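Participant: Every number in my numbering is 727 more than the matching position in the sequence shown, counting from 1. Glycine included, C-beta positions come from ideal geometry on N, C-alpha and C. Just so we're clear, the structure is a prediction, and the values are computed from it rather than from any experiment. Sending over a structure as structure tokens; questions will come in a sec.
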Amino acid sequence: MTRYNLAEWGLRRPTLTAYLIGLILLAGTVAFFRLGQTDMPDWTMRAMPIRVFWPGATAEQIEQQVVDKIERKLQDTPHLDSLISTAKPGEAWIWVNLENSLPNPKEVVPELWYQVRKKVGDIRHTLPPGVRGPYFNDEFGDVYPLVYGVWGDDFDYAELKDQADWLREELLRLPIVEKVVMIGAQPQRVYVDLSTARLGNLRVSPLALTEAIAAHNAVQAAGSIEHIDGRLRLRLSGQFTNVDDVRRVPVQAADGRLLTLGDLAEVSAGYQDPAEQLMRVNGHPAVGLAISMAAGGNVVDLRRDVVALMQRLEAGLTVGVQATLVADEPQVVTHTLNKFLLKLAVAIGIVLLVSYATLGLRSGLVVATAFPLVLGATFVAMTLLDIDLQRISLGALIISLGLLVDDAIIIVEMMLVKMRQGLDRFHAASAAYTSTSLPMLTGTLVMIAGFMPIALAKTALREFMFGLYGVIAVALLVSWLVSVLFTPYLAYRMLPARVAHHDEVYDTPFYRRLRAVVRGCVDHRWALLAAVAGLSALAALAGRQVEKQFFPLTDRPDLIVETWLPENSAFTASEALARDIDRLLEQEPGIERWVSYVGMDTPRIFTDLWIELPAHNVVKTYVLTTDRHTRDRLREALRTRIARELPHARARVNAFPFGMPAPSSLEYRVTGPDKERLREIAAQLRTAVQEHPQTRGVYLSWRGPVSTVQVQLDHARLAALGLSGQRLGQSLDMLLSGQPVTQLRDGDETIDVVLRLTEDERTRLGYLPNVPVPLADGTSLPLGQLARLELAVEDGVFTRYNRQPAVMVYADLPWFVQPLDVDAQLADQLDTLRAGLPLGYHLEIGGIGELSAEVDAALGAVVPIILVAIITLLMLQLQHLGLTALVLATAPLGIIGVLFTLWAVDLPLGLVAQLGVLALAGVTMRNTVILVDQIRQDVAAGLSRYEAVIESTVRRFRPIVVTAAAAILALLPLLTDPFWGPMAYAMMGGLALATVLTVLFVPALYAACFRVRPQPFASLAA
728 MTRYNLAEWG LRRPTLTAYL IGLILLAGTV AFFRLGQTDM PDWTMRAMPI
778 RVFWPGATAE QIEQQVVDKI ERKLQDTPHL DSLISTAKPG EAWIWVNLEN
828 SLPNPKEVVP ELWYQVRKKV GDIRHTLPPG VRGPYFNDEF GDVYPLVYGV
878 WGDDFDYAEL KDQADWLREE LLRLPIVEKV VMIGAQPQRV YVDLSTARLG
928 NLRVSPLALT EAIAAHNAVQ AAGSIEHIDG RLRLRLSGQF TNVDDVRRVP
978 VQAADGRLLT LGDLAEVSAG YQDPAEQLMR VNGHPAVGLA ISMAAGGNVV
1028 DLRRDVVALM QRLEAGLTVG VQATLVADEP QVVTHTLNKF LLKLAVAIGI
1078 VLLVSYATLG LRSGLVVATA FPLVLGATFV AMTLLDIDLQ RISLGALIIS
1128 LGLLVDDAII IVEMMLVKMR QGLDRFHAAS AAYTSTSLPM LTGTLVMIAG
1178 FMPIALAKTA LREFMFGLYG VIAVALLVSW LVSVLFTPYL AYRMLPARVA
1228 HHDEVYDTPF YRRLRAVVRG CVDHRWALLA AVAGLSALAA LAGRQVEKQF
1278 FPLTDRPDLI VETWLPENSA FTASEALARD IDRLLEQEPG IERWVSYVGM
1328 DTPRIFTDLW IELPAHNVVK TYVLTTDRHT RDRLREALRT RIARELPHAR
1378 ARVNAFPFGM PAPSSLEYRV TGPDKERLRE IAAQLRTAVQ EHPQTRGVYL
1428 SWRGPVSTVQ VQLDHARLAA LGLSGQRLGQ SLDMLLSGQP VTQLRDGDET
1478 IDVVLRLTED ERTRLGYLPN VPVPLADGTS LPLGQLARLE LAVEDGVFTR
1528 YNRQPAVMVY ADLPWFVQPL DVDAQLADQL DTLRAGLPLG YHLEIGGIGE
1578 LSAEVDAALG AVVPIILVAI ITLLMLQLQH LGLTALVLAT APLGIIGVLF
1628 TLWAVDLPLG LVAQLGVLAL AGVTMRNTVI LVDQIRQDVA AGLSRYEAVI
1678 ESTVRRFRPI VVTAAAAILA LLPLLTDPFW GPMAYAMMGG LALATVLTVL
1728 FVPALYAACF RVRPQPFASL AA
């Protein structure tokens, strides 16, 4: 049966072949300009926070009565990975984390969040009275690439909010904008500040004031009149529309006098006090607008449309109000893509120069023409696979460039060989297809299999790094198809009709020397095999000195300054801390802008950004510098200055990392049933971590204790006075913290009217015994007559992991220290602690170490599948167990060069570099497959095994070396990239050594495995 010949098919249909070439080029050009653009690929957030409030409860009460019930219900959620909760006095957070191995996360995650809501809703009635929530944030993973800050020094928050509201409504009209979230807007309040002295003199109870205010402002139906002209509804006057209306509320004193509320209290307009969240832009109070993009949009188009609109809207802002773009992720994307497109162009130029320099003008031109075809078809496939232009996909294109020329070079080389043997161009092309197409396809599939762990690994890495596998797999398959279908057509058009005789090409002084070297390797095979084994041992020793890494830091020019105050700090202290940070930043050169978020984290401006939950004691500051070098200088300067000038704050100053985020550089987790025993174990663990010379800022997730005032009630007396503990607590909450008693309605705004004591009386601890407690008869008694007040302490924060009490130990590291290395260095101490743990207690590595171990396990789980796939491909091609084993034995050759290279340049072996090592094994096996198949063909043509081994190696030398040189040099533009740099160095070193060993070691290994006997050199005359 005759095998179908694609080369011959294309040559017999030149018009159709030319049309297909033009169509691919046109479609590829269109597809390129329609591809989405982003810095790093998006991936589905698998975490959702749930928040619940129980005012008045201790951390232990809310943990036991609320958190445990919710967790117990959620523990059977499908695809649940972990439940991590934090309980504080009066509130709790529960993190629901889904498995990273989740199939089809974009479709499955929303359905699972619905199930979580439903499950918690089923048990809501079992939660204690007074619990508010739970509240679900299933939009936690939403990304806001653009953030504006609206500010003006002469304007208050209400005026800034009015301006921001108008801008928001206009932005939402843009089709590319999905939503606009307002940040830092301060709710307006009308405060009624009571003086106990004044109330006491007039014998007016706070309860009477509450009732009077609420009754005066009630929205009450007053009936209607039915008459001949229709129905007339009666409307009661007196509802509040401004602050003066509140001041004029009539109140009757005990002596019968009629007073106004303004006579009894200070009535004023203001904002929520204390605030919950604030935003500051370059040191100015601001209201923010975080803008998210509609599905299927392009962030570059988003920026273009939004910036154009905002420039038009600036004319409508009140004079003195500014809208500053404080987070501009599309600009980062544009900068990144421009750099990578330049790197891609440089890499293409390098590969073309290598092709021309080694193959000659005409042959090089044939190979060069295949490039736009492969790239065009790849861009079309990227569109179909929904792979955007981003750092991963463009890096994959650059990595694949050098590999793409191999197929075309093999076809051109084989055509030239056949033409030297006397065939014309047509039959040479047909013969080249027949002898090389299947070995090339097998080699291509083996090389693709080297990248397959990315696609098969059951982890979020699959979603994050799929662009690497998808682009390289498509590019290699397209390269094979172009080489067997279009390259013969192009070669037929471009190569000369006659070429030099076969013997003349491989009988030059260079090839004679090469033939002698290969013959020497074959003749001294055992010595060479021993040398390679020794080299492998040395590489293993060098590899022990290479640092291990998960993901590196980015080269973005921005950084994040994270600061925390003690758990029980007042929000006003956080505001003061934010102003101190502003002061430090104002004094530092090289800063373009900064924005501080008080009581909250930054919006998620890109997908792989770690976001912490709101807390009153936190300040997060996003700083944009002029360049990466300024960022690095500022990082160290701020860390030093904050430690020296703001010692009361715990601080962390970091650049942003690539990849899946973690809360800290190091994280260790201790779980067990008894909290006191956990504290002891966590203290030992903390000591062990602190003693490491590189760790700093070590802290525990259990923070506290915090100071409280215990109000010891005299319940008998309260009962005699007609009071309950609940009623007394409500009164104290209103007077000290302030509680709304009614609302002032102004258009579509609803403003709470809040009753409370004056600032001096509600903030001075010594005044607490004098706080008036309203009684049932309308009079009041001081709190000190109803209860005994004692200072005490209680736990501030409890954390849990999968329904067990858990203490997390966190630590930071200098930017140049790898967390995985520190985990390894602490392993002995951790094992010692584990050995002494009581039954039921566990010590585990969390954070980056846990993520890395999960990814390694997921990759390791698919290696057997990949191995079976590769062996199957080799058996289908070679149909010989011995040859298959020989090819597999060459897979590790590149690792020797990888380890030596990374050790020499002092770069870590990160996750991306590890993926490069797996791919390198595929590249090495591909070259071996084609070489072994060539040996088999030569033996079938009548050469002895000895002759075939040497002559096949000589003929395959130029394609192997040219491909390796092109692949190695094409990686040069990636060397300076922080994400791809270690992989580029690893692949360059690995390819270089693997190429040398393919030419020298593989012939020797073949001769050793198949007992090839040496023959006189004279017998090799071809």
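1. If you check the beta carbons only, do Ser-809 and Tyr-1395 fall under 9 Å apart?
2. Between Leu-1265 and Gly-737, what straight-line distance do the alpha-carbon atoms span, to the nearest angstrom?
3. Please identify the residue among Leu-1634, Gln-1641, Phe-1728, Thr-1334 whose C-alpha is closest to the C-alpha of Pro-1057.
4. Just tell me which of Ser-1392, Arg-778, Arg-1561, Leu-1603 has its CA closest to the CA of Gly-1573.
5. Within the same chain, show all residues whose beta-carbon is closer than 6 Å to that of Ala-1378, passing over the 5 residues directly before and after it, in chain order.
6. In the structure shown, what three-state DSSP assignment does His-1442 receive?
7. Rounded to whole angstroms, what's the CA-CA distance from Ile-1338 to Thr-1329? Just pull it up for me.
8. Should the region 1722–1733 be regarded as contacting the region 1242–1261, the criterion being three or more beta carbon pairs within less than 8 Å?
9. Give me the DSSP bridge partner(s) of Lys-815.
10. Are the Cβ atoms of Val-1625 and Leu-1636 separated by less than 9 Å?
11. At the level of alpha carbons, what is the spacing between Thr-729 and Arg-1271?
12. Can you give the Cα-Cα distance for Ser-1746 and Tyr-1673, rounded to whole angstroms?
13. Give me the Cα-Cα distance between Phe-967 and Gln-1439, rounded to the nearest whole angstrom.
14. Cβ-heavy atom distance between Ala-1258 and the ligand HEM below 8 Å?
15. Would you verify that the beta carbon of Val-1046 is, or is not, closer than 9 Å to some beta carbon of chain D?
16. If you draw a straight line from the C-alpha of Arg-1147 to the C-alpha of Leu-733, how long is it?
17. Quick check on Asn-732: does DSSP put it in helix, strand or coil?
18. From which residue to which residue does the alpha helix (DSSP H) around Lys-833 run?
19. Please classify Phe-1237: does DSSP put it in a helix, a strand, or coil?
20. Thinking C-alpha only, which one of Leu-961, Thr-853, Ala-774 is nearest Ile-821?
21. Between the alpha carbons of Val-1688 and Tyr-1216, how many angstroms are there, rounded?
22. Determine, using beta carbons only, whether Ala-814 and Val-1524 come nearer to each other than 9 Å.
23. Does Tyr-884 pass the burial test, meaning 16 or more other C-beta atoms within 10 Å, or should it be called exposed?
24. Pick out the complete beta strand (DSSP E) segments inside the region 1429–1508, 3 residues or longer, and give them in chain order.
25. Using a Cβ-Cβ cutoff of less than 6 Å, which residues in the same chain neighbour Ala-786 once the five nearest sequence positions on both sides are dropped?
26. On the three-state DSSP scale, how would you describe Phe-759?
27. Going by DSSP, what residues sit across from Tyr-1160 in a beta bridge?
28. Only counting runs of 3 or more residues, tell me where the beta strand (DSSP E) segments fall wholly within the region 1041–1119, in order along the chain.
29. What separation, rounded to the nearest whole angstrom, lies between the Cα atoms of Arg-1007 and Tyr-1324?
30. Return helix, strand or coil for Gly-911, following the three-state DSSP convention.
31. Tell me which residue opens and which closes the beta strand (DSSP E) that Asp-1539 is part of.
32. For Tyr-1568, which three-state DSSP category applies?
33. Between which residues of its own chain and Leu-1702 is the CB-CB distance below 7 Å, once the five residues before and five after are set aside?
34. Between Leu-1724 and the rest of its own chain, which residues show a CB-CB distance below 6 Å, the 5 nearest in sequence each way excluded?
35. For Asn-824, write down the residues that DSSP places opposite it in a beta bridge.
36. Between the Cα of Gln-792 and those of Gly-1024, Pro-856, Leu-1204, Ser-1679, spot the shortest distance and give me the residue it belongs to.
Facilitator: By the coordinates alone:
1. As a position in the sequence shown, residue 809 is number 82, starting the count at 1. As a position in the sequence shown, residue 1395 is number 668, starting the count at 1. Not closer than 9 Å, so no.
2. To locate residue 1265, count along the sequence shown from 1; it is residue 538. To locate residue 737, count along the sequence shown from 1; it is residue 10. Rounded to the nearest angstrom, the two C-alpha atoms are 51 Å apart.
3. Along the sequence shown, read from residue 1 onward, the residue named residue 1057 stands at position 330. The candidate whose alpha carbon is nearest that of Pro-1057 is Thr-1334.
4. Here residue 1573 is taken as the residue at index 846 of the sequence shown, counted from 1. Of Ser-1392, Arg-778, Arg-1561, Leu-1603, the residue nearest in Cα terms is Ser-1392.
5. Here the question's residue 1378 lines up with position 651 in the sequence shown. Closer than 6 Å at the Cβ level, and outside the excluded window around Ala-1378, lie Thr-1290, Ile-1369.
6. Counted from its first residue, the sequence shown places residue 1442 at position 715. DSSP places His-1442 in helix when its eight states are reduced to three.
7. In the sequence shown, counting from the first residue as 1, residue 1338 sits at position 611. In the sequence shown, counting from the first residue as 1, residue 1329 sits at position 602. Taking the straight line from one Cα to the other gives about 7 Å.
8. yes
9. Translated into positions along the sequence shown, residue 815 becomes position 88. Answer is Glu-818, bridged to Lys-815.
10. The residue labelled residue 1625 in the question sits at position 898 within the sequence shown. The residue labelled residue 1636 in the question sits at position 909 within the sequence shown. Yes, these two residues count as a Cβ contact at 9 Å.
11. By one-based count along the sequence shown, residue 729 stands at place 2. By one-based count along the sequence shown, residue 1271 stands at place 544. In this prediction, Thr-729 scores a pLDDT of 49, lower than 50, which makes its location untrustworthy; no coordinate-derived value is stated.
12. One-based indexing of the sequence shown puts residue 1746 at position 1019. One-based indexing of the sequence shown puts residue 1673 at position 946. Low local confidence applies: a pLDDT of 41 at Ser-1746 is under 50, so the model's placement there is unreliable, and no value is given.
13. Taking the first residue of the sequence shown as position 1, residue 967 is located at position 240. Taking the first residue of the sequence shown as position 1, residue 1439 is located at position 712. Computed Cα separation, rounded: 39 Å.
14. Only the bare structure without any ligand can be found here, which leaves the ligand HEM out of the picture.
15. Here chain D cannot be found, since the structure has a single protein chain.
16. Sequence index remark: in the sequence shown, residue 1147 carries index 420 (1-based). Sequence index remark: in the sequence shown, residue 733 carries index 6 (1-based). Their Cα atoms are separated by approximately 22 Å.
17. Taking the sequence shown and counting its residues from 1, one reaches residue 732 at position 5. Looking at Asn-732 - three-state DSSP - the assignment turns out to be coil, as it is neither helix nor strand.
18. In the sequence shown, the residue the question calls residue 833 occupies position 106. Start and end: 832–849.
19. Start at 1 with the first residue of the sequence shown, and residue 1237 comes out as number 510. DSSP places Phe-1237 in helix when its eight states are reduced to three.
20. Locating residue 821 in the sequence shown gives position 94, counting from the first residue. Comparing Cα positions, the closest option is Ala-774.
21. Along the sequence shown, read from residue 1 onward, the residue named residue 1688 stands at position 961. Along the sequence shown, read from residue 1 onward, the residue named residue 1216 stands at position 489. One C-alpha to the other measures close to 25 Å.
22. The sequence position of residue 814 within the sequence shown is 87, counting from 1. The sequence position of residue 1524 within the sequence shown is 797, counting from 1. In contact: Ala-814 and Val-1524 (Cβ atoms closer than 9 Å).
23. Within the sequence shown, the letter at position 157 stands for residue 884. Buried.
24. 1433–1440, 1466–1473, 1476–1484, 1499–1501
25. Stepping through the sequence shown from its first residue, residue 786 is reached at position 59. The answer, listed in chain order, is Ala-814, Lys-815, Pro-816, Asp-1522, Phe-1525.
26. Numbered from its first residue, the sequence shown carries residue 759 at position 32. Looking at Phe-759 - three-state DSSP - the assignment turns out to be helix.
27. The residue given as residue 1160 occupies position 433 in the sequence shown. Paired residues: none, contrary to the question.
28. 1049–1055
29. Walking along the sequence shown from the start, residue 1007 turns up at place 280. Walking along the sequence shown from the start, residue 1324 turns up at place 597. Their backbone Cα atoms lie some 7 Å apart in a straight line.
30. As a working mapping, residue 911 is identified with position 184 in the sequence shown. In the structure shown, Gly-911 sits in coil (DSSP, three-state: anything other than H, G, I, E or B).
31. Locating residue 1539 in the sequence shown gives position 812, where the first residue counts as 1. Here the beta strand (DSSP E) through Asp-1539 covers 1531–1539.
32. If you number the sequence shown from 1, residue 1568 lands on position 841. Coil, per DSSP.
33. As a position in the sequence shown, residue 1702 is number 975, starting the count at 1. Here the set comprises Gly-1708, Ala-1711, Tyr-1712.
34. In the sequence shown, residue 1724 corresponds to position 997, counting from 1. Once the five neighbours on either side are set aside, the close Cβ partners of Leu-1724 are Leu-1620.
35. Counting from 1 along the sequence shown, the entry for residue 824 is found at position 97. Paired residue(s): Ala-774, Ser-809.
36. For the purposes of this step, residue 792 is taken as residue 65 along the sequence shown, with counting starting at 1. For the residues Gly-1024, Pro-856, Leu-1204, Ser-1679, the minimum Cα distance to Gln-792 belongs to Pro-856.
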